[in-house]
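Participant: Take this structure first; my questions come after.
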């Protein structure tokens with residue numbers, strides 16, 4: 134019998150009091166009946182809310198915690214106040230002590246990263262962690278990192294991120310030799326950044342387990358021509374949020390176009406199945422979940438304002454990564470890479 | 134009688150041999166019958182092509198030039214080869230010597246910026262130039278800068294860009310006290326960049342001719358809640374291109390949704406006027422034209438792969454800016470600002 138995957142959940146993170154969390158777990162459990170949950174949060178409240186989810190409650194253990202981290206709390210303060218006793222800390226710690234295979238939180242990103250670094254520590258041979266996002270593309274999905282963990286990454290850190298991202302691609306896309314590019318600005322522009330060119334030189338001059346394909350620009354990410362796009366964290370955060378904002382802006386345009394006249398409403402109704410497919414493609418819930426890479430444990434950050442479908446997809450992502458032993462993959466890949474250099 | 138605006142055009146820039154340039158000028162001329170053009174490029178070719186545009190030919194002078202700058206040519210090389218004799222150099226120089234009010238080129242961005250800096254020089258009290266783009270938003274349009282001129286701008290340069298962008302907003306949006314924000318990453322993130330925080334402090338502590346509104350994130354740009362969004366050039370280029378890529382990706386999704394079934398085609402046909410409005414909103418030609426700000430002259434960079442409508446809108450943008458005496462506005466604003474500090 135296969136050992137079930139155990140998932141630690143920070144039930145106190147997220148907007149709207151995390152009301153999407155238990156319904157999300159119930160959704161994911163239907164798809165993954167071999168998992169178990171440890172729920173960190175206010176025991177009484179969780180027990181009451183679990184009454185609606187009988188099957189989920191049968192595979193869940195509750196660990197009482199009454200300290201929750203505020204969504205806008207500064208990471209330093211959150212660390213001080215939340216050390217040892219907050220639901221966020223305890224849920225991360227359960228991964229550290231081997232009680233859980235991974236943790237999911239929809240809480241404060243900065244606090245989650247700060248606690249994760251202290252509890253799980255950065256992997257040997259990796260300088261700094263990264264946050265990886267799944268980016269929907271015309272061809273499917275790509276992994277984009279770093280989207281906000283390491284501001285001002287240098288050449289070696291960008292190389293580390295390439296190894297981390299490529300390992301994640303092996304793990305969740307199930308491909309042995311993923312393709313990787315570095316994000317840069319156009320050849321026609323005045324100049325790029327030195328650290329990106331240096332990282333490119335390192336990646337070009339090594340025989341790697343992934344296929345390094347040079348630079349891409351911002352407008353290339355959505356084309357999906359590479360499996361992994363690597364960048365420094367500030368740029369990655371700007372790119373991710375700008376893409377989200379643009380998608381939202383266009384759906385506003387779309388809505389107002391549809392509501393423009395009776396004729397447009399009729400047309401929309403007739404074509405509604407096609408537009409459902411379109412909406413489905415543009416649904417941010419489908420690809421919810423930023424992964425903290427480079428730590429000795431898997432931490433999944435859900436969007437704070439997601440819905441049950443989104444939270445379930447963040448959980449599913451962690452399950453995929455646990456099943457494929459991503460931490461071992463990263464350790465082997467980074468060791469092989471260091472031997473090469 | 135009002136003196137006509139004279140526009141220098143680099144006819145040798147752009148993809149597809151710049152085939153959109155003369156048709157674009159003809160379009161703009163219909164809207165602006167009081168302008169005149171000086172066309173820099175291969176005289177024989179231009180003369181032949183002008184036969185199709187009788188009215189345009191009557192208000193155009195041709196200056197023969199046979200050296201064109203390649204779209205992918207490195208700026209340093211382009212400068213060496215194109216100095217004095219290329220159509221790009223000559224058209225910029227006509228602004229310097231007062232023959233033209235502004236110049237439009239669809240050529241190589243890096244070369245155009247390098248030549249513009251040498252010929253026109255950076256304005257007094259401005260350290261480095263910026264490229265400003267018009268960004269379509271839910272509420273209308275915003276000015277976004279820098280989108281690629283100054284990589285690694287420091288706090289003072291970000292402050293300069295705020296003054297430049299706000300002056301441009303006064304000029305083309307015709308508002309006396311524009312609102313300005315700095316692009317940053319979320320408060321919940323690990324940390325922002327020091328130079329952005331420093332710029333914010335300078336802007337917060339001065340009584341300005343614009344309304345400084347603090348930070349926005351990538352997903353806020355499209356909301357259009359401020360008139361001007363300021364950032365360093367590498368980030369700006371990534372943001373602009375990522376937004377363009379996302380818009381293109383969604384229109385691909387849209388096209389494939391429409392072509393999915395007979396029913397969806399019928400629905401689309403019935404609602405087609407609404408979708409034309411949507412397409413119109415998403416048409417990148419409508420807001421074509423990056424403006425080089427901070428130089429002693431107006432240089433408009435058109436997209437290299439635009440169409441006649443796009444090229445005409447780049448020309449129109451320059452006309453608006455010339456009519457409102459943007460250079461005087463910038464000089465006054467920057468002097469007032471320096472006196473305050």
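Chains as they are written, first to last, in our numbering: chain A, 134 to 474; chain B, 134 to 474. Think of the CB as a built atom: it goes at the ideal place given N, C-alpha and C, for glycine as much as any other residue. Computed from a predicted model, the values in this text were never measured in an experiment.
Taking C-alpha atoms, which residue in 211(B), 371(B) and 404(B) lies nearest to residue 387(A)?
Facilitator: 404(B)
Participant: Nearest CA to the CA of residue 230(B): which residue from 240(B), 213(B), 249(B) and 243(B)?
Facilitator: When only C-alpha atoms are compared, the closest one is 249(B).
Participant: Return helix, strand or coil for residue 279(B), following the three-state DSSP convention.
Facilitator: coil
Participant: Closest to residue 245(B) by C-alpha separation, out of 318(B), 196(B) and 213(B), would be which residue?
Facilitator: 213(B)
Participant: How many angstroms separate the CA atom of residue 466(B) from the CA atom of residue 232(B)?
Facilitator: 26 angstroms
Participant: Kindly indicate which three-state DSSP category residue 323(B) falls into: helix, strand or coil?
Facilitator: Low local confidence applies: a pLDDT of 44 at residue 323(B) is under 50, so the model's placement there is unreliable, and no value is given.
Participant: Kindly list the residues whose CB is nearer than 7 angstroms to the CB of residue 151(B), restricted to its own chain and excluding five residues on each side of it in sequence; keep chain order.
Facilitator: 144, 145 and 239
Participant: Quick check: the Cα distance between residue 414(B) and residue 140(A), rounded to an integer number of angstroms?
Facilitator: 45 angstroms
Participant: Of all the residues that make up the segment 432 to 449 of chain A, which are near chain B by a beta-carbon distance shorter than 7 angstroms?
Facilitator: none
Participant: Give a yes or no on whether the minimum CB-CB distance between residue 386(A) and chain B is below 8 angstroms.
Facilitator: yes
Participant: What separation, rounded to the nearest whole angstrom, lies between the Cα atoms of residue 412(B) and residue 390(A)?
Facilitator: 10 angstroms
Participant: Would you identify the three-state DSSP class for residue 434(B), choosing helix, strand or coil?
Facilitator: strand
Participant: Between the alpha carbons of residue 269(A) and residue 424(A), how many angstroms are there, rounded?
Facilitator: 15 angstroms
Participant: Reducing DSSP to helix, strand and coil, say where residue 242(A) ends up.
Facilitator: helix
Participant: Name the chain C residues whose beta carbon is nearer than 7 angstroms to that of residue 374(A)?
Facilitator: In the displayed structure, chain C is absent; the protein chains listed are A and B.
Participant: Please confirm if residue 255(B) has its CB atom under 8 angstroms from at least one CB of chain A.
Facilitator: no
Participant: Tell me which residues share the same chain as residue 300(B) and place their Cβ nearer than 6 angstroms to its Cβ, disregarding the 5 neighbours each side in the sequence.
Facilitator: Excluding residues within five positions, the ones whose Cβ falls inside 6 angstroms are 462, 463 and 466.
Participant: Can you confirm whether residue 323(A), when its beta carbon is compared against all beta carbons of chain B, has any partner nearer than 8 angstroms?
Facilitator: Here residue 323(A) scores only 44 on pLDDT, less than 50, and its place in the model should not be relied on; the value that follows carries that caveat. Taking Cβ atoms only, chain B reaches closer than 8 angstroms to residue 323(A), which makes this a yes.
Participant: Residue 458(A) CB to nearest chain B CB: under 8 angstroms?
Facilitator: For residue 458(A), the closest Cβ of chain B is not nearer than 8 angstroms.
Participant: Under 8 angstroms, do residue 267(A) and residue 453(A) count as touching if we go by C-beta distance?
Facilitator: no
Participant: Can you check whether the C-beta of residue 158(B) is within less than 8 angstroms of a C-beta belonging to chain A?
Facilitator: Chain A, which has no Cβ nearer than 8 angstroms to the Cβ of residue 158(B), makes this no.
Participant: From residue 375(B) to residue 318(A), what does the alpha carbon distance come to, in whole angstroms?
Facilitator: Between residue 375(B) and residue 318(A), the alpha-carbon positions lie close to 11 angstroms from each other.
Participant: Taking a Cβ distance cut-off of 8 angstroms, strictly less, list which residues of the segment 403 to 415 of chain A are near chain B, in chain order.
Facilitator: 403, 404, 405, 406, 407, 408, 410, 411, 414 and 415
Participant: Could you check if residue 436(B) is buried or exposed, using at least 16 other CB atoms within 10 Å of its CB as the buried criterion?
Facilitator: buried
Participant: Is residue 259(A) helix, strand or coil when you go by DSSP?
Facilitator: coil
Participant: So what's residue 466(A) in DSSP terms, helix, strand or just coil?
Facilitator: helix
Participant: Can a CB atom of chain B be found closer than 8 angstroms to the CB of residue 265(A)?
Facilitator: no
Participant: Leaving aside the five residues before and after residue 176(A) along the sequence, list all residues of the same chain whose C-beta is less than 6 angstroms from its C-beta, in chain order.
Facilitator: 195 and 197
Participant: Spatial neighbours of residue 159(A) within its chain, please: C-beta separation below 6 angstroms, excluding the five flanking residues on both sides.
Facilitator: 186 and 189
Participant: With residue 141(B) as the anchor, note down where its beta strand (DSSP E) starts and where it stops.
Facilitator: 138 to 143
Participant: If you draw a straight line from the alpha carbon of residue 142(B) to that of residue 447(B), how long is it in whole angstroms?
Facilitator: 11 angstroms
Participant: Going by CA-CA distance only, name the one from 241(A), 217(A) and 183(A) that's closest to residue 120(A).
Facilitator: There is simply no residue 120(A) to check, as chain A begins at 134 and stops at 474 in what is shown.
Participant: Return yes when the Cβ of residue 286(A) is within less than 8 angstroms of the Cβ of residue 378(A), no when it is not.
Facilitator: no
Participant: Counting contacts by CB-CB distance shorter than 8 angstroms, is residue 381(A) in contact with chain B?
Facilitator: yes
Participant: Taking DSSP's pairing of strands, which residues face residue 169(A) in a bridge?
Facilitator: 139(A)
Participant: Looking only at its chain, what residues have a beta carbon closer than 6 angstroms to the beta carbon of residue 272(A), apart from the 5 residues adjacent to it on each side?
Facilitator: 357
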